[in-house]
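Remarks on the structure that follows.
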Amino acid sequence: MNQKLVLKRSVIAVAMAVAAQAAFAQEAQAPIQKVFVTGSNIKRADKEGSSPVQTVSAKQIAATGANTVSELLHSIPAFGSGASVDGSDGGFSNGASTASLRGLGSSSTLILLNGRRITASAYADPNQGKSAVYDLNTIPISAIERVEIFKDGASAVYGSDAIAGVINFITKSDFNGLQLSANISANDDGEYKRENVNGVWGFGDLEQKGWSGFVAFDAAKRHRTTVKEQKDVENDLYRDINTRLNPFSSSLSASPFFYKETKPGSMAFYNNYANRASVINQVNCDKSQQLVGDRNLHNLTAIDTLVGRTFCNFDTNEYNEVQGKGEDANVLSKFTFKLNNDITAFVEASVSRTERYFTAAPRAIRSTAPTTVFTNGGIPSQFQIVLPVGHPDNPFTDARSAVGFRLVNSTNASENINESYRLVAGLQGSVKGWDWETALLWNRGERTERGYGYLYLPTMRRIMTENRTLAATMADPTATRDTENRGFAQVKQIDAKASTSFGKLPGGEIGLALGGEIRQEQIGLTPDLAVQRGDIIGLANSTADGSRVVKSAFVELRTPFFSNFEMDFAGRWDRYPTASNFVPKVGAKWTANEHFTFRGTFAEGFRAPALTQVSPGGVQSFTTVTDTLRCPDGVNPLDGADKVDCSKGVSSLSAANPNLANERSRSLSFGMIVTPTKNLDILIDWYRIKKVDETALLGAQTVIDHESEYPGLVVRDTNPNNWVIGADGKVIPNSGAITQVNRSYVNQGSTEVSGIDLEVTHRLPLGDLGKVTTSLNWAYLAEFRRAEHYGDVAHNLAGTRGGLSDWNTSVDDNPRNRGSLSVNWQRGDHSFTATGNYVGGVSLLRRYDNDVTYGQPYCHYGSGQPKGAYSLGGLPKYTDYFGNNCSVAAWTTFDFNYSYSGIKNLVLTFNVKNAFDRKAPYDPAYGSTSDFQGFNDQLHNGKGRYFRLTASYNFW
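For the sequence shown, position 854 matches number 859 in our numbering, and the numbering has no gaps at all.
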């Protein structure tokens, strides 16, 4: 829609700042154009300013074949690890999709919709870099006109969260008519299927009628794909190395296992091959389910009690998903009214709803170790089924017994519903040379999380208190219970800004912008009452009750000192309840001649702790760790320990910390714009960002590995009968099994990244044959350094799985190179695009542990590690296949897109992603019982060759 938001001679104004919204404004007589570009509140005639901004148009979005905003962003090389991906059950961010620029995490990437913040969703994700969950599923990709990605520190303009950069989604606004579109997509196996219908209705004319508006809607449905139905990963390798889709899935079934107590009252139970006679199991299942444990075929260790044993196998792969089913619905609208020649009123309203349903194998319990039962705000307890002597199911006449069984007739699933409501109302206009805008924003997200089939403590306890049989318990419908957790997150904001030009420098008028905002942020998370009471086994509480008011003011100045040299200055002051913060930014741009332009910036930034990190409440969780005291090398437990100690799920209580300080950052960038000809543009930008005082949850594995540095945080079994014997044959005091690891949020260490972005665009006119546009977008990561704690050594982890390369860190995968090369040929009604995508490889070698540099790097997986290697990843067969090539391979795919508009009012588009059906690279971390996707969803996907057919019709 057209709006008059102008400096004196502007043609287009696209408001994208603290108080700005996307809008176009055009005056027929204007001889030049000035625009708002993400990262500034001052309009400019040249979109390339002192900071790098990448723009992705609606046409480019369509050519990618992306079904969602998340898919689109994953195709852009500047994005890295640290995001949440909405595929299968996503843990703490279940059902949400987020973005992570530069691999610094989603909480350091600010998301804007038409220039204003969106509310965080109602999640409490304790994982580093994910404390603020800005769910991209609330933004329909069909309603986007373009995306502007500001790849520079922007806290001086936008405030908190903009350390790594800003992504501004700008919705369609100048459309007039009615357009409906529909598409269907799936891979060549008919999996990962998705259907979508969307439309936009634009009406009115702001200049002629004094009003205009548009309404857009988008509805989509995606289908379930299980592990067994997924073909485009390295299934043969996973089957042999990881036991994924192996004939052996799980020994816990409706036919129970019984484990004899080692010593009376010890609460420790035999579970190894040497004491296999003290482990008894029933085999009352169909012959087709029976297996005999085989070390080689089933990847069992030599000490596994299943070796040579006949048992009932339960196939969990019938339930595990790589994509859960879901439905999305979005409605977005905007209305604009001209009150007079100088003032325009506008209203934006949107509502969205996303539903996700995930399944998993029915719940099981193995009581050789206790399971934590959490209460809300209370001290967690430990529950352990121990059958007394004489219990009708206990096969041992002289000892108590632990049990292992599965409630095979129960349902294990989760349902996640996110609803978002957004309303913006404001005024904009011009007076005496000033362009101004003010608005009210209300944005609320509500979340309902339903869990099905959790173990219900009062019923399970009856096995011991009433000598109730396991069969009776498994048949009891009250043995499991469904839960419902609720939460909300909300932002209320009033903002205002104004801009003008004044004075005269040799290069032109000085630009000035200033403004401010008052914002209230709220979050509330309420667990199910049964969970709060402590009636649910193995389910944690996430609680929060937080609110704060933030006051901000900013100023920007653009000074064109000469016709070929300008500088930008910006500063922003933010006041939070516990601290105030001021951050500056300065940028410069020098046009040496018509072919070469140089630019650079320096900026300071900050990120306030998320409300969930500082508000009353906390996050309870379960995490898988290696008890390096009882299983030093991560593979072979010490005498008296159990194989479970090498990979064990433990409970964790993560407390909020109201004394957290803000994260702080400094960023530098230097770039060059080269235009050798009018048809060739080359942009090269170097960047460096260093973030300190990071707000993070102490890593559970870090606390365990350095237990002496965190006294009291590792909770162990205090029974001396359960202490282990070290390699020297002596008992290790206080070496009981871990029952809990307590942690808190802290300000710790730093992260530093640097690299080079390259963008090349070439346009080749072919006359009657049309035109060809070639685009290269490449990101090279030179450095990724993290000091997990103050004083730690920050090694360069670029090109590695950082948490392996430096065992002291918790860094994800960061390939050195990511890029895409696309060629578009357009002639008349035809448009064809071919795109090559590249994701670099990732090393899995262990090189450092903080200040210790290993004499010889060694592979985390497989065999052949040097003596003294510790906390290994196992998988001995990995070496048989990969030898010394300890890495995740690079991945190259090719996409094709064809669009035809030769039928009146109709556009048909056919897209093929990964046209040559390249499987996702094998990654040993993603074939386990908990991470079974078969690929790293931060970098790859398992869809294989994927087709998408779209039809779009304009009714008028």
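We put the beta carbon where it would ideally sit given N, CA and C, even for glycine.
Problem - Cα-Cα separation between lysine 653 and alanine 68, rounded to whole angstroms - result: Rounded to the nearest angstrom, the two C-alpha atoms are 45 Å apart.
Problem - Sheet register partners of isoleucine 499 (DSSP bridge) - result: Leu445 and Ile523
Practice task
Answer with buried or exposed for valine 554, where buried requires no fewer than 16 other C-beta atoms within 10 angstroms of its C-beta.
Solution key: Note on valine 554: under 16 other CB atoms within 10 angstroms of its CB, so exposed under the neighbour-count rule.
Problem - Distance between valine 649 and asparagine 962 (C-alpha atoms, nearest Å) - result: Residue 962 is absent from the structure shown; the chain starts at 6 and stops at 961.
Exercise for the section: Report yes if the CB atom of isoleucine 370 is closer than 7 Å to the CB atom of tyrosine 459, and no otherwise. Expected result: no
Exercise for the section: Measure the alpha-carbon distance for phenylalanine 401 versus glutamine 387 and round it to whole angstroms. Expected result: 24 Å
Handout entry: First through last residue of the alpha helix (DSSP H) which encompasses leucine 534
Key = 534 to 538
Practice task
On the DSSP bridge assignment, give the partners of glutamine 625 in chain order.
Solution key: Leu658
Practice task
Consult DSSP for phenylalanine 401 and reduce its assignment to one of helix, strand or coil.
Solution key: coil
Problem - Stretch pair the region 532 to 547 + the region 481 to 493: three plus CB contacts closer than 8 Å - result: Counting Cβ pairs under 8 Å, three or more are found: they touch.
Practice task
Compare the beta carbon distance of threonine 359 and glutamate 326 with 7 Å and say whether it is the shorter of the two.
Solution key: no
Handout entry: beta strand (DSSP E) runs contained entirely in the region 850 to 917, provided each spans 3 or more residues
Key = Runs of the beta strand (DSSP E) lying entirely within the region 850 to 917 and spanning at least 3 residues, in chain order: 850 to 854, 857 to 864 and 896 to 908.
Exercise for the section: Pick helix, strand or coil for glutamine 831, following the three-state DSSP scheme. Expected result: strand
Exercise for the section: Determine the contact status of lysine 177 and alanine 83, defining contact as a CB-CB distance below 7 Å. Expected result: In this structure, alanine 83 does not lie closer than 7 Å to lysine 177 by Cβ.
Problem - Short Cβ contact (7 Å threshold) for arginine 721 with isoleucine 689 - result: no
Practice task
Would you decide whether lysine 948 is buried or exposed? Buried here means 16 or more other CB atoms lie within 10 Å of its CB.
Solution key: buried
Practice task
Could you tell me how far apart the beta carbons of threonine 453 and arginine 491 are, in whole angstroms, since I believe they sit closer than 8 Å?
Solution key: Sure, about 6 Å apart at Cβ, within 8 Å.
Handout entry: Option nearest glutamine 328 by Cα separation, candidates Lys556, Val232 and Asn46
Key = Val232
Exercise for the section: Output the boundary residues of the alpha helix (DSSP H) element that contains tyrosine 163. Expected result: 160 to 163
Problem - Secondary structure, beta strand (DSSP E): runs of 3+ residues fully inside the region 82 to 118 - result: 114 to 118
Handout entry: Test item: CB-CB of valine 655 and valine 679 under 7 Å
Key = The answer is no: Cβ separation not under 7 Å.
Exercise for the section: Would you check if there are 3 or more beta carbon pairs closer than 8 Å linking the region 84 to 92 to the region 935 to 944? Expected result: They touch, by the three-pair rule.
Handout entry: Other residues of its chain near isoleucine 468: CB distance less than 6 Å, five sequence neighbours each side excluded
Key = Around isoleucine 468: Ile390 and Thr478.
Exercise for the section: Find the nearest neighbour of asparagine 667 within the set Asp579, Asn448, Phe316 and Ile81, judged by alpha-carbon distance. Expected result: Asp579
Exercise for the section: Can you give me the Cβ contacts of glutamate 712 inside the same chain, cut-off strictly under 6 Å, excluding the 5 residues immediately before and after it? Expected result: So the qualifying residues of the chain are Val719.
Practice task
Tell me the start and end of each unbroken beta strand (DSSP E) in the region 318 to 351 that is at least 3 residues and wholly inside, in chain order.
Solution key: 326 to 328 and 330 to 343
Handout entry: valine 619, DSSP secondary structure in three states
Key = Reduced to three states, the DSSP call for valine 619 is helix.
Practice task
Name the two residues that bound the continuous alpha helix (DSSP H) containing glycine 592.
Solution key: Counting along the chain, glycine 592 falls outside any alpha helix (DSSP H), though it belongs to the beta strand (DSSP E) covering 585 to 596.
Exercise for the section: Ignore the nearest five residues each way along the sequence and tell me which others in alanine 221's own chain have a CB closer than 6 Å to its CB. Expected result: Ala148, Val205 and Leu337
Problem - Option nearest glycine 639 by Cα separation, candidates His865, Arg314, Leu544 and Gly846 - result: Among His865, Arg314, Leu544 and Gly846, the Cα nearest to that of glycine 639 is on His865.
Practice task
State the start and end residues of the unbroken alpha helix (DSSP H) segment that holds alanine 63.
Solution key: 63 to 69
Problem - 7 Å Cβ shell around asparagine 132 - same chain, five flanking residues per side excluded - result: Phe97
Problem - Three or more C-beta pairs below 8 Å linking the region 779 to 789 and the region 750 to 769 - result: yes
Handout entry: Cβ-based burial, tryptophan 961 [other Cβ within 10 Å; buried from 16]
Key = exposed
Exercise for the section: Use the C-beta contact count for phenylalanine 567: other C-beta atoms within 10 angstroms, 16 or more gives buried, fewer gives exposed. Expected result: exposed
Problem - Beta-carbon proximity list for leucine 658, same chain, < 6 Å, skipping 5 on both sides - result: Gln625 and Asn747
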